[in-house]
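Notes follow the structure.
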Amino acid sequence: MQGLFYRYIRLYRVLIKKLNGLLAQFGLSYSLWQVTFYVRNFGPCTLVEICKYYQIEKPNVTRIVQKLEEQGIVEQIPGKDRRKKVIRMTERGENLYRQCRAEITGLEQQAMKGIPEAEQEMVFELLPQIRDNLDHKGEETN
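This is how it looks when you write it as structure tokens:
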């Protein structure tokens with residue numbers, strides 16, 4: 001199916017623009033939201049865990065975490081290994097997460113407006129499969 005990536009990138013750019021506009025009212029951007037989302041949903045974690053999950057370089061995640069700390073959204077605490085710090089949500093971060101999540105849910109509903117539920121579920125299932133296919137390219141042998 002030619003043009004799949006073109007269509008995806010056009011969707012992605014509009015989505016990120018909408019998300020950044022929505023999140024700006026909370027002092028966040030999409031990149032700050034990604035880390036907030038991870039820490040909130042996967043519990044206290046390390047920089048390395050966030051890097052692996054999003055496939056982002058450690059210096060970028062370090063800068064994002066520093067910004068989130070400055071805003072009082074996350075905090076770093078010593079881990080079992082003193083060389084590694086654990087990142088966790090603050091109470092302010094929890095409250096902000098809930099507010100942002102409600103707004104994002106509204107945006108998701110707007111994006112799926114007029115699309116039958118069965119097709120919505122299909123998209124929900126297919127996107128991770130496409131990502132996995134690309135992520136594992138060349139690892140499979142037929």
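Under the UniProt record's numbering, think of the first position of the sequence shown as 1, with each following residue one higher.
Every residue, glycine too, gets a C-beta built ideally from N, C-alpha and C.
For clarity, every value in this text was computed on a predicted model and none was experimentally measured.
*Taking C-alpha atoms, which residue in 5, 109, 125, 35 lies nearest to residue 89?*
Taking the first residue of the sequence shown as position 1, residue 89 is located at position 89. Of 5, 109, 125, 35, the residue nearest in Cα terms is 35.
*In this structure, does DSSP put residue 7 in helix, strand or coil?*
Position 7 of the sequence shown, counting from 1, holds the residue named residue 7. Helix at residue 7.
*Excluding the five sequence neighbours on either side, which residues of its own chain have a C-beta within less than 8 Å of the C-beta of residue 53, listed in chain order?*
By one-based count along the sequence shown, residue 53 stands at place 53. Within the same chain, residue 53 has close Cβ partners 38, 42.
*asked:* By the DSSP assignment, the alpha helix (DSSP H) with residue 25 in it spans what residues?
replied: If you number the sequence shown from 1, residue 25 lands on position 25. Segment: none, residue 25 is in no alpha helix (DSSP H) and carries neither H nor E.
*Rounded to whole angstroms, what's the CA-CA distance from residue 81 to residue 32? Just pull it up for me.*
Position 81 of the sequence shown holds residue 81. Position 32 of the sequence shown holds residue 32. Whole-angstrom Cα-Cα distance: 26 Å.
*For residue 17, does the three-state DSSP call read helix, strand or coil?*
In the sequence shown, counting from the first residue as 1, residue 17 sits at position 17. Correct three-state label for residue 17: helix.
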